[in-house]
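Participant: Protein chains in written order, with the numbering used here: chain A, 18 to 369; chain B, 24 to 335. Note that the Cβ used here is the ideal one computed from N, Cα and C, for glycine as well.
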Amino acid sequence: MASVTYDHVVKRYTADVTVVKDFNVEIKDKEFMVLVGPSGCGKSTALRMLAGLESITEGQIRIGDRVVNNVAAKDRDIAMVFQSYALYPHMSVYDNMAFPLQMQHMPKVDIDKRVKNASRILGLDNFLKRKPRALSGGQRQRVALGRAIVRSPKVFLLDEPLSNLDAKLRGQTRIELQKLHRDLETTFIYVTHDQVEAMTMGDRIAIMNAGILQQVGSPGDIYDHPANLFVAGFIGSPTMNFVPVTTSDSSAKASGFEVKLPKSVPAGKGTLGFRPETVTDRISDQSGTLQMKVDVVERLGSDQFLYGQVGSDSVTARVDPKMKVEPGDSVRLGLDTRTLHLFDAETELALI
Amino acid sequence: MTIAAAAPTAANTAARFSPRWLADQLQRYILHIVVIGLTVAWVVPTLGLLVSSIRPFSAQATSGWWTFFSNPTTFTLSNYTDVLSQSNLGQAFFNSFMIAVPATVLPVTIGAFAAYAFSWMRFPARNAIFLALVGLLAVPLQLTFIPILTFYVQNLHWTTDNLTATGIPGLPWVPLWLAHAGYGLPFSIYLLANFFRALPSDLFESAEIDGAGTLTVFFRIVMPLSVPAIASLVIFQFLWVWNDLLVALIYVGGAPEVAPLTVNLANLTNSLGQGSNLLTSAAFFSMIVPLIVFLSLQRYFVRGILAGSVKG
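1. Exposed or buried, Met-225 (chain A), counting other C-beta atoms within 10 Å across all chains shown (16 or more means buried)?
2. If you draw a straight line from the C-alpha of Thr-237 (chain B) to the C-alpha of Asp-92 (chain A), how long is it?
3. By DSSP, does Gln-10 (chain A) sit in helix, in strand, or in coil?
4. Among A:Gly-287, A:Val-84 and A:Asn-258, whose alpha-carbon lies nearest the alpha-carbon of Asp-331 (chain A)?
5. Check Phe-99 (chain A) in the structure and name its three-state DSSP category.
6. Can you round the beta-carbon distance between Thr-183 (chain B) and Val-176 (chain B) to whole angstroms, since I take them to be within the 8 Å contact cut?
7. Answer yes if the stretch 88 to 105 of chain A comes into contact with the stretch 199 to 210 of chain B, meaning at least three C-beta pairs across the two stretches below 8 Å, and no otherwise.
8. Roughly how many angstroms lie between the CA atoms of Glu-275 (chain A) and Ser-301 (chain A), to the nearest whole one?
9. Do Leu-278 (chain A) and the ligand PLP come close, with the Cβ less than 7 Å from some heavy atom?
10. Among A:Ile-78, A:Leu-104 and A:Val-36, which one has its Cα closest to the Cα of Ser-20 (chain A)?
11. Does DSSP put Leu-323 (chain A) in a helix, a strand or coil?
12. Return the CA-CA distance between Ala-230 (chain B) and Ile-122 (chain B), expressed in angstroms with no decimal places.
13. Could you compute how far the alpha carbon of Thr-74 (chain A) sits from the alpha carbon of Val-26 (chain A)?
14. Would you say Ile-237 (chain B) lies against chain A (beta-carbon separation less than 8 Å)?
15. Taking only three categories from DSSP, how would you classify Arg-145 (chain B)?
16. Quick one: is Ser-75 (chain B) buried, meaning 16 or more other Cβ sit within 10 Å of its Cβ, or exposed?
17. Going along chain B in order, which residues have a C-beta closer than 9 Å to the C-beta of Leu-70 (chain A)?
18. Kindly list, in the order they appear in chain A, the residues whose Cβ is closer than 7 Å to that of Pro-247 (chain B).
19. Nearest to Val-208 (chain A) by alpha carbon, out of A:His-198, A:Phe-251, A:Gly-219 and A:Thr-22?
20. Going along the chain, which residues of its own chain have a beta-carbon closer than 6 Å to the beta-carbon of Ile-273 (chain B), five neighbours each way excluded?
21. Closer than 8 Å, CB to CB, is Ile-244 (chain B) near chain A or not?
22. Rounded to whole angstroms, what's the CA-CA distance from Gln-260 (chain B) to Ala-126 (chain B)? Just pull it up for me.
23. Find the residues of chain B that neighbour Ala-19 (chain A), judging by a C-beta separation of less than 7 Å, and give them in chain order.
24. In terms of residue numbering, what span does the beta strand (DSSP E) encompassing Gln-231 (chain A) cover?
25. Check whether the Cβ atoms of Ser-304 (chain B) and Tyr-139 (chain B) sit closer than 8 Å, and answer yes or no.
26. I need the DSSP call for Pro-261 (chain A), collapsed to helix, strand or coil.
27. Contact defined as beta carbons within less than 8 Å: I believe Asn-111 (chain B) pairs with Pro-283 (chain B). What is the distance between those atoms, to the nearest angstrom?
28. Taking the beta carbon of Arg-65 (chain A) as the centre, do at least 16 other beta carbons fall within 10 Å, making it buried, or is it exposed?
29. Met-120 (chain A) CB to nearest chain B CB: under 8 Å?
30. Give the interface partners of Pro-117 (chain A) over in chain B, defined as CB-CB distance under 7 Å, in chain order.
31. With DSSP collapsed to three states, give me the class of Gly-60 (chain B).
32. Would Leu-215 (chain B) and Ala-252 (chain B) be called neighbours here (beta carbons separated by less than 8 Å)?
33. Any beta carbon from chain B within less than 8 Å of Ala-135 (chain A)'s own beta carbon?
34. Return no unless some Cβ of chain B is closer than 8 Å to the Cβ of Met-97 (chain A).
35. Let me confirm a value: Leu-357 (chain A) is counted as buried when at least 16 other C-beta atoms fall within 10 Å, else exposed. Which label applies?
36. Within the 8 Å Cβ cut-off, does Lys-91 (chain A) reach chain B?
Set out below in structure tokens:
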């Protein structure tokens, strides 16, 4: 149980290949922190530096109060679950879980106690004698978790642990992992490229892009108040609508509509952002209206998404599933102006 | 015709003997044909040797082995009894073992350690050294006889007589063990390094986090996973040493106390071909051991030994 601090951490492979740039995050004790970003954004490297699998070029990483820059991986008191699970294929499930404890020269009785305990938590009791090849993907994933649990580490590192599971199992395991986090009361650091995993599991989310930390915050906070255009576009599905606008005082004019902004901004150019769920078939006094030419209709049962053109801009709308729309129709939709976002055209930072 | 097309099996029947069907069949059986062809090419000479070994010398000298089938009455075991009584077969057998076992264990063990270092440890000039080692594969071993023998004899005074005179059992074979180890190492390292390199790196990182040191990783993870590669290497090296005549003759000579089976067999026949009938039966004696080695190691060729390690 410990906090983790990244203090101005840099990872540079060669003079002009820097994969993590000035990374600063403080992860609290017992927190479930998710590092999320597109592939190649440096999130895995950030995790591997903490694990001790990559050297730290500049800056400090602390676990608790201890600087771990020069501490060997095995002495950092961490456990890691790999995307590939990395089970030892020639060892039984039991031996796979016992291996890290044997390396610590723990007495056999204690090893047995811990392995049995972990296998009970993870429901692996009936598989202890099996080899990994005789297990399903989900079971292997649990063995990998078990191998981490037995060590009772201060920090759990998980590197995309769900990406090799099928969609249904992924959903289940997501919930199991959250339960596990609650039961173990340990710091979890979880790397993923999947924003759904990030939103559903993280106490807090750190979003990275191109080696640079974009924003850290709770899922709700990030969803409602994205710090810049990248975060706004990365979080949320379907993605936020982005429309180039010209602003003057407290109104923004796009190619096909004009809306009142919740607060006044300097005149100029910008990008207006609004989530699909703010574009609906409900039109009230507070809402702006837009006329959409529908190209594609997606019915999901609980929702209905319309993809189409407003003026010369592409817009996605989420309307009542009972609304009858066909591709080619022109519909009048309401835009809830209370949750509008405006991004600076040049810096891409959020103005509203 | 319409009825035939309705059922898939019937459709196949309809297409039978068409050019397309013929091509499919050919493709399916071509592998079998090649394998059977190769097997026949290898088995026929061996069969000839076996048949010859049960024919008397007079028959061997006047007609081909295949004529035996039309006149099987000439069957005899005299070649086998002669070879057992005439030559020093038991001693030669023992010598061959004493040469082949260390000359296999040494290069495979050293090669495994070296291959691990080449594939998973970082040190300066790693690739250059590895390339140089691979280059050694191309050096004909005959080139090395004179410099190595000179070194053994002039610098170390390791002649067979000197080493035998010490009275320490096994010592006369040391030069040969070292020579075989040296000749076998480049291939050992090359083969094993390629195998080790293909092991998933996640396993090594996971073991590192779990607290396993280099030696633990080598013995508890790399070795168990490399059994198929090691087994094939052991077979290669053992057979090469077991069948070797030249290197043994050069480094230990033909004295019956130290010479292996191959040297003993070569001595059975003289330059005029007398005694060549004994070669046939003796060759079968010498084949027994390689066969046992191969058959007993064969079960370690497990396919998919890495299954279940990484990926779902």
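Facilitator: Per the coordinate set shown:
1. Translated into the one-based positions of the first sequence, residue 225 (chain A) becomes position 208. Result: buried.
2. As a working note, residue 237 (chain B) is residue 214 in the second sequence. As a working note, residue 92 (chain A) is residue 75 in the first sequence. Those two C-alpha atoms are separated by around 15 Å.
3. Limits of chain A in this structure are 18 at one end and 369 at the other, which puts residue 10 (chain A) out of reach.
4. For the purposes of this step, residue 331 (chain A) is taken as residue 314 along the first sequence, with counting starting at 1. A quick correction: the sequence has Ser, not Asp, at residue 331 (chain A). Comparing C-alpha distances from Ser-331 (chain A) to each of A:Gly-287, A:Val-84 and A:Asn-258 shows the shortest one belongs to A:Asn-258.
5. On the first sequence, position 82 is the one that residue 99 (chain A) refers to. It is coil, neither helix nor strand.
6. Counting from 1 along the second sequence, the entry for residue 183 (chain B) is found at position 160. Counting from 1 along the second sequence, the entry for residue 176 (chain B) is found at position 153. Contact between Thr-183 (chain B) and Val-176 (chain B) does not hold, since the beta-carbon distance rounds to 10 Å and is not under 8 Å.
7. Segments in contact, no.
8. As a working mapping, residue 275 (chain A) is identified with position 258 in the first sequence. As a working mapping, residue 301 (chain A) is identified with position 284 in the first sequence. C-alpha separation (whole angstroms): 16 Å.
9. Looking for the ligand PLP in the displayed structure turns up nothing, as the structure carries no ligands at all.
10. Within the first sequence, numbered from 1, the residue matching residue 20 (chain A) stands at position 3. For the residues A:Ile-78, A:Leu-104 and A:Val-36, the minimum Cα distance to Ser-20 (chain A) belongs to A:Ile-78.
11. Here residue 323 (chain A) corresponds to residue number 306 of the first sequence, with the count starting at 1. It is a strand residue.
12. Here residue 230 (chain B) refers to the residue found at position 207 of the second sequence. Here residue 122 (chain B) refers to the residue found at position 99 of the second sequence. Spanning the two alpha carbons is a distance of roughly 38 Å.
13. To locate residue 74 (chain A), count along the first sequence from 1; it is residue 57. To locate residue 26 (chain A), count along the first sequence from 1; it is residue 9. About 7 Å.
14. Taking the first residue of the second sequence as position 1, residue 237 (chain B) is located at position 214. Correcting the residue identity first, residue 237 (chain B) is Thr in this sequence and not Ile. No, because no Cβ of chain A sits closer than 8 Å to the Cβ of Thr-237 (chain B).
15. Taking the first residue of the second sequence as position 1, residue 145 (chain B) is located at position 122. It is coil, neither helix nor strand.
16. Counting from 1 along the second sequence, the entry for residue 75 (chain B) is found at position 52. A buried status is given to Ser-75 (chain B), since no fewer than 16 other beta-carbon atoms sit within 10 Å of its beta-carbon.
17. Here residue 70 (chain A) refers to the residue found at position 53 when the first sequence is read from its first residue. What Leu-70 (chain A) touches in chain B: Glu-228, Glu-231 and Ile-232.
18. Reading the second sequence from its first residue, position 224 is the one you call residue 247 (chain B). Those are His-107, listed as they occur along chain A.
19. Along the first sequence, read from residue 1 onward, the residue named residue 208 (chain A) stands at position 191. When the alpha-carbon of Val-208 (chain A) is set against those of A:His-198, A:Phe-251, A:Gly-219 and A:Thr-22, the nearest one is in A:Gly-219.
20. Numbered from its first residue, the second sequence carries residue 273 (chain B) at position 250. Excluding sequence neighbours, Ile-273 (chain B) sits near Phe-168.
21. As a working mapping, residue 244 (chain B) is identified with position 221 in the second sequence. Yes, Ile-244 (chain B) counts as interfacial toward chain A.
22. If you number the second sequence from 1, residue 260 (chain B) lands on position 237. If you number the second sequence from 1, residue 126 (chain B) lands on position 103. For Gln-260 (chain B) and Ala-126 (chain B), the distance between alpha carbons rounds to 8 Å.
23. Looking up residue 19 (chain A) in the first sequence gives position 2. Those within 7 Å of Ala-19 (chain A) in chain B number zero; the least Cβ separation is about 16 Å.
24. Numbered from 1 along the first sequence, position 214 holds the residue referred to as residue 231 (chain A). From DSSP, the beta strand (DSSP E) with Gln-231 (chain A) extends over 229 to 234.
25. As a working note, residue 304 (chain B) is residue 281 in the second sequence. As a working note, residue 139 (chain B) is residue 116 in the second sequence. The answer is no: Cβ separation not under 8 Å.
26. One-based indexing of the first sequence puts residue 261 (chain A) at position 244. Looking at Pro-261 (chain A) - three-state DSSP - the assignment turns out to be strand.
27. Residue numbering aside, residue 111 (chain B) sits at position 88 when the second sequence is read from its first letter. Residue numbering aside, residue 283 (chain B) sits at position 260 when the second sequence is read from its first letter. The C-beta distance from Asn-111 (chain B) to Pro-283 (chain B) rounds to 11 Å, too long to fall under 8 Å, and the pair is not in contact.
28. Walking along the first sequence from the start, residue 65 (chain A) turns up at place 48. With 16 or more other Cβ atoms within 10 Å, it is buried.
29. Taking the first residue of the first sequence as position 1, residue 120 (chain A) is located at position 103. Taking a beta-carbon distance threshold of 8 Å, Met-120 (chain A) counts as an interface residue toward chain B.
30. Taking the first sequence and counting its residues from 1, the one referred to as residue 117 (chain A) is at position 100. Near Pro-117 (chain A) (Cβ distances below 7 Å), the residues of chain B are Asp-233 and Gly-234.
31. Translated into positions along the second sequence, residue 60 (chain B) becomes position 37. DSSP places Gly-60 (chain B) in helix when its eight states are reduced to three.
32. Mapped onto the second sequence, residue 215 (chain B) falls at position 192. Mapped onto the second sequence, residue 252 (chain B) falls at position 229. Contact: yes.
33. Mapped onto the first sequence, residue 135 (chain A) falls at position 118. Cβ-Cβ to chain B under 8 Å: no for Ala-135 (chain A).
34. Translated into the one-based positions of the first sequence, residue 97 (chain A) becomes position 80. By this cut-off, Met-97 (chain A) is an interface position.
35. Looking up residue 357 (chain A) in the first sequence gives position 340. Leu-357 (chain A) counts as buried, since no fewer than 16 other beta carbons sit within 10 angstroms of its beta carbon.
36. Walking along the first sequence from the start, residue 91 (chain A) turns up at place 74. Closer than 8 Å: yes.
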